[in-house]
Amino acid sequence: MKKLIGKKIAAVTVLTLSLISTGCAAKNQPNVETKNATPIVESASVANVSNAVKPNLPNIHILTMGGTIAAAGSGPAQTTGYEVGVLTPDQLIEAVPSLKDIANLTTTQVAKMDSGTSNTDAVMVKLAKEAQKTLDDPKYDGVVITHGTDTLEETAYFLDLTVHSDKPIVFVGSMRPSTALSADGPFNLYNAVALAGSKEAQGKGVLISFNDKIGNARDTFKTSTTGVDTFKNPELGYLGYMQGGKPYFYNLPVRRHTNQSEFDIRSMTEDHLKRVDIVYSHANDDRVMVDAAVSAGAKGIIHAGTGNGSVHEKTLPGLQDAIKKGVVVVRGTRVPEGIVTREKIDDDNTFVVSDNLSPQKARILLMLALSQTQDIQKIQKDFNQY
Numbered sequence: 002m003k004k005l006i007g008k009k010i011a012a013v014t015v016l017t018l019s020l021i022s023t024g025c026a027a028k029n030q031p032n033v034e035t036k037n038a039t040p041i042v043e044s045a046s047v048a049n050v051s052n053a054v055k056p057n058l059p060n061i062h063i064l065t066m067g068g069t070i071a072a073a074g075s076g077p078a079q080t081t082g083y084e085v086g087v088l089t090p091d092q093l094i095e096a097v098p099s100l101k102d103i104a105n106l107t108t109t110q111v112a113k114m115d116s117g118t119s120n121t122d123a124v125m126v127k128l129a130k131e132a133q134k135t136l137d138d139p140k141y142d143g144v145v146i147t148h149g150t151d152t153l154e155e156t157a158y159f160l161d162l163t164v165h166s167d168k169p170i171v172f173v174g175s176m177r178p179s180t181a182l183s184a185d186g187p188f189n190l191y192n193a194v195a196l197a198g199s200k201e202a203q204g205k206g207v208l209i210s211f212n213d214k215i216g217n218a219r220d221t222f223k224t225s226t227t228g229v230d231t232f233k234n235p236e237l238g239y240l241g242y243m244q245g246g247k248p249y250f251y252n253l254p255v256r257r258h259t260n261q262s263e264f265d266i267r268s269m270t271e272d273h274l275k276r277v278d279i280v281y282s283h284a285n286d287d288r289v290m291v292d293a294a295v296s297a298g299a300k301g302i303i304h305a306g307t308g309n310g311s312v313h314e315k316t317l318p319g320l321q322d323a324i325k326k327g328v329v330v331v332r333g334t335r336v337p338e339g340i341v342t343r344e345k346i347d348d349d350n351t352f353v354v355s356d357n358l359s360p361q362k363a364r365i366l367l368m369l370a371l372s373q374t375q376d377i378q379k380i381q382k383d384f385n386q387y
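All the letters of the sequence shown, read from the start, carry residue numbers 2 to 387 under my numbering.
As structure tokens, this is what we get:
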């Protein structure tokens, strides 16, 4: 096995990850090749590891983005305050030797980032283009994307709306670093690769595989700051489970996604995306944050209101003035569940309503919608369909 980066992760990482790899010998390496890509956030050397391709196994390409799944701490009990993006793609795969039994793997390190502090629209665009390029290649059967959990749901939804393919696209991460006891990354990665290589996952849009559960990019969100069972939708539920390395689906996504989407990453650049800000409502709210967003150049505002998207009486004039300046306002809610229903205030002020999208996902959709139109009726239709 290749030497792990840094003395602090050498012994604990190998021991922790190998134990989780279901009794497989650490010396066994998967069928993996690594190709170089220009990392977005931080440059990193990528090694080449290759083994004989097994023709009976699916060919899965792993795009790595850093995050906790590639992180290392100072000891087995450290589960916060660790260094993200330490492990290389090869080291992630070598830590789960049984991957060689379920897929032929290749990797590209797209970024080494903390998704909570470094993710940007430009990062999402470049990742989506890399995923599209891979999926357009007939030799690949699916894509797995390792990503930090803080903004995983946003990136996943962006790809769900912009990448066109029926091949499985699976996001995965972890809540504990590789050096922690009971690190969740290795088994999450195993399940993600198994899911991406399955026929059952085809045509279902971008999926999130986490803690033996399968969620869809639109409805799944992070619910815990540190718990391993963090990605879920308590109200709408999961699409299914991973059990014994096999997917079991019980629900299907019904909103438009991937091949059904009108947004196409192949004809998109970062410059197409307009600035969209989120304004969070609260007691004693006013228009200060709305005015700040407009001054900063926002072309769209997601208003995360209280309850059913309520707008404070002191905030409403700011939103009305923003609309007069050509800013599109989406009335959403800070409440994690339920639909924002269309009311008289929306017709009176030409607001768009967010349906049941979270503010952060509504921002993604509005950003894409504004790349094509400023027509309020068309944008509302997008929120009704996606």
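Virtual Cβ for every residue (Gly too), placed ideally from N, Cα, C. As the structure is a prediction and not an experimental result, all values here were calculated from the model.
Annotation for Thr108: the continuous beta strand (DSSP E) segment containing it runs Asn105 to Met114. Take Glu201, set aside five residues on each side of it, and the residues of its chain with a beta-carbon closer than 7 Å to its own are Pro248 and Phe250, in chain order. 8 Å or more divides the Cβ of Gly333 from the Cβ of Ala370. Annotation: Gln261 to Val164 spans about 10 Å, alpha carbon to alpha carbon. The C-beta of Leu253 has fewer than 16 other C-beta atoms within 10 Å across all chains shown, which makes the residue exposed. Here DSSP, grouped into helix, strand and coil, assigns Thr259 to helix. Between Ile209 and the set Phe159, Gly301 and Gly82, the nearest pair of CA atoms involves Phe159.
Going by DSSP, Thr334 is part of no alpha helix (DSSP H) but of the beta strand (DSSP E) stretching over Val329 to Thr334. By the C-beta density criterion, Ser296 is exposed, having fewer than 16 other C-beta atoms within 10 angstroms. With the rule of 3 Cβ pairs closer than 8 Å, the segment 57-71 counts as touching the segment 90-109. Of all alpha-carbon atoms in Ala323, Gly204, Asp151 and Ile94, the one lying nearest the alpha-carbon of Ser225 is that of Asp151. Note on geometry: alpha-carbon atoms of Ile146 and Asn192 lie some 12 Å from one another.
With respect to the 8 Å criterion, Leu64 and Leu128 are classified as neighbours on the basis of their beta carbons. With contacts defined by Cβ atoms closer than 8 Å, Ala96 and Leu182 do not form a contacting pair. The segment 225-244 and the segment 129-138 do not touch, with fewer than 3 CB-CB distances between them shorter than 8 Å.
Residue environment: Ser268 is assigned as exposed (fewer than 16 neighbouring CB atoms within 10 Å of its CB, all protein chains considered).
Looking at the backbone, the Cα of His313 and that of Arg288 are separated by about 9 Å. Secondary structure at Tyr281: strand, using DSSP grouped into helix, strand and coil. Secondary structure of Gly186 (DSSP, three-state): helix.
For the pair Val126 and Ile170, the CB atoms are not nearer than the 8 Å cut-off.
Secondary structure note for Leu367: its alpha helix (DSSP H) is the uninterrupted segment Pro360 to Leu371. The shortest CA-to-CA distance from Leu274 to any of Val330, Ala123, Gln378 and Gly306 is the one to Ala123. Note on geometry: alpha-carbon atoms of Lys233 and Phe222 lie some 6 Å from one another. Excluding sequence positions up to five before and after Asp161, its CB lies within less than 7 Å of the CB of Gly206, Val207, Ala218, Arg219, His258 and Thr259, all in the same chain and listed in chain order. Contact check for Ala305 against Arg276 fails: the beta carbons are separated by 8 Å or more. According to the DSSP assignment, Gly306 belongs to the beta strand (DSSP E) that extends over Gly301 to Gly306. In the structure shown, the three-state DSSP call for Ile377 is helix.
Secondary structure at Leu320: helix, using DSSP grouped into helix, strand and coil. Shown here, Pro248 sits in a strand according to DSSP, grouped into three states. The beta carbon of Ser199 sits closer than 6 Å to the beta carbons of Pro248 from its chain, once the five residues preceding and following it are set aside; these are given in chain order.
For Ser355, no pairing in a beta bridge is given by DSSP.
Taking every protein chain shown into account, the CB of Glu155 has 16 or more other CB atoms within 10 angstroms, so this residue is buried. Under a 10 Å Cβ-count criterion, Glu271 is classified as exposed, with fewer than 16 other Cβ atoms of the shown protein chains found around its own Cβ.
Inclusion of Arg335 and Pro360 in the CB contact set at 8 Å is warranted, their separation being smaller than that value. Rounded to the nearest angstrom, the gap between the Cα atoms of Thr118 and Thr81 is 15 Å. Residue pairing by DSSP puts Gly216 in a beta bridge opposite Ile209.
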